[in-house]
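Q: Counting from 1, position 137 in the sequence shown corresponds to residue 137 in UniProt numbering; the numbering is continuous, with no gaps.
Here a beta-carbon is modelled for each residue, glycine too, at the ideal position from N, C-alpha and C.
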Amino acid sequence: MHTSALVLFSGGQDSATCLAWALERYAHVETLGFNYGQRHAVELECRSTFTQVLRQQFPQWAHKLGEDHLLDMGLLGQISDTALTQAKAIEFEQSGLPNTFVPGRNLLFFTFAAALAYRRGLTVLVGGMCETDYSGYPDCRDNTLKSLQVSLSLGLDTPLVLETPLMWLDKAATWQMAEQLGGPELVALIEEHTHTCYMGERSQRHAWGYGCGQCPACDLRRSGFEAYRGEAA
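Given below as structure tokens:
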């Protein structure tokens with residue numbers, strides 16, 4: 001039986017919701033973030049604030065929340081020519097994918113996460129990847145991650161489980177999940193102390209949180225929040 005998990009926690013809405021999901025299910029949970037030269041590196045600053053407030057407001061989870069890890073993945077940013085790692089306008093490529101796609105990002109993240117989990121004795125990896133509300137990123141697809149679970153387990157000769165609790169949820173349902181896990185307090189915490197905006201903008205506060213309000217990430221977060229509020233009314 002799996003009792004411990006490592007959550008890929010970026011500081012964004014999705015991974016924050018997944019962190020709460022893991023804390024509700026596992027006896028011991030650790031977190032892992034990556035600094036890969038992302039333009040919205042402010043999300044890394046949100047990570048510590050979010051977990052600090054989470055411990056204070058949710059004592060039933062505080063004792064389960066273990067060590068936080070942050071890995072320097074700057075090489076990924078160096079070899080990537082994308083709108084997430086370079087100062088360029090967001091647009092679609094000839095491939096049909098947006099230029100916010102960082103090739104290999106999730107594959108590398110899970111590989112490094114698996115290596116860390118192996119050393120720490122953690123058997124579940126949790127990520128906020130989603131195939132419902134996403135930009136077509138191939139490394140967010142369910143089949144990709146199922147295949148990766150098999151490869152990592154074989155390569156480490158250890159049964160690892162890759163959990164993606166948001167895989168079939170849209171953004172409205174993700175907000176709803178947060179409410180189900182931690183009530184209005186968790187929703188408010190996610191609004192205030194997570195970051196999703198691709199531009200790294202945190203000077204503008206909206207009902208759904210901080211962001212430029214124009215990029216695809218902000219648009220998705222806003223529309224999901226509005227749909228969630230409409231459903232909850």
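Can you find the residues in the same chain that come closer than 7 Å, C-beta to C-beta, to L122, ignoring five residues on each side of it along the sequence?
A: S4, A5, L6 and E30.
Q: Determine which residues share a DSSP beta bridge with V29 and list them.
A: DSSP lists A5 and L65 as partners of V29.
Q: Give me the residue from E163, P216, C130 and R202 with the minimum Cα distance to Q149.
A: Looking at the Cα atoms, E163 is the closest of the given residues.
Q: Say whether the segment 198-217 touches the segment 54-71, bearing in mind that this needs 3 or more beta-carbon pairs closer than 8 Å, one atom from each stretch.
A: Too few Cβ pairs lie closer than 8 Å, so no.
Q: Closest to A114 by CA distance: which of L152, D139 and C140 is it?
A: For A114, the nearest C-alpha among the options comes from L152.
Q: Going straight from the alpha carbon of L19 to that of C197, what length do you get?
A: About 19 Å.
Q: With distance defined between alpha-carbon atoms, name the residue in Q204, E191 and F109 nearest to Y228.
A: The candidate whose alpha carbon is nearest that of Y228 is E191.
Q: Taking the C-alpha atoms as reference points, what is the distance between S203 and E45?
A: The straight-line gap from Cα to Cα measures roughly 14 Å.
Q: Do V124 and H206 have their C-beta atoms within less than 7 Å of each other?
A: No. Outside cutoff.
Q: When you compare only the Cα positions, how much space is there between Q38 and L169?
A: Those two C-alpha atoms are separated by around 25 Å.
Q: Could you give the DSSP three-state label for D72: helix, strand or coil?
A: If DSSP states are grouped into helix, strand and coil, D72 belongs with the strands.
Q: Answer yes if the segment 130-147 comes into contact with the segment 180-191, meaning at least three C-beta pairs across the two stretches below 8 Å, and no otherwise.
A: The answer is no - the segment 130-147 does not touch the segment 180-191, with fewer than three Cβ pairs under 8 Å.
Q: May I ask you to list the residues that DSSP assigns as paired with L162?
A: L162 pairs with L125.
Q: Straight-line CA distance for A27 to K64?
A: So the alpha carbons of these two residues sit roughly 6 Å apart.
Q: Would Y36 and L8 be called neighbours here (beta carbons separated by less than 7 Å)?
A: It is not a contact, given that the beta carbons lie outside the stated cut-off.
Q: Let me confirm a value: P138 is counted as buried when at least 16 other C-beta atoms fall within 10 Å, else exposed. Which label applies?
A: Classification of P138: exposed, given that the 10 Å Cβ count is below 16.
Q: Which residues in the same chain have their Cβ closer than 7 Å to the Cβ of M167, if we skip the five residues on either side of it in sequence?
A: Around M167: M129, C130, E131 and D142.
Q: Going along the chain, which residues of its own chain have a beta-carbon closer than 6 Å to the beta-carbon of G127, five neighbours each way excluded?
A: Cβ neighbours of G127 beyond the five flanking positions: L8 and T164.
Q: Which residue from G209, F34 and D157 puts its Cα closest to that of A188?
A: Of the candidates G209, F34 and D157, the one whose C-alpha sits nearest the C-alpha of A188 is G209.
Q: Please name the residue or residues paired with N35 in a DSSP beta bridge.
A: DSSP, once it has assigned bridges, lists D72 as partnering N35.
Q: Under 7 Å, do V42 and G211 count as touching if we go by C-beta distance?
A: Contact flag unset, no.
Q: In chain order, what residues of the same chain lie with their CB nearer than 7 Å to the CB of R55, ignoring the 5 residues before and after it?
A: Here the set comprises A62 and L65.
Q: For a quick check, are the C-beta atoms of A16 and T194 less than 7 Å apart?
A: The answer is yes: Cβ separation under 7 Å.
Q: Quick one: what's got a C-beta closer than 6 Å to P159's C-beta in the same chain, skipping five residues either side?
A: Excluding sequence neighbours, P159 sits near S153.
Q: Please report the straight-line C-alpha distance between L32 and S10, rounded to a whole angstrom.
A: Distance between the alpha carbons of L32 and S10: 8 Å.
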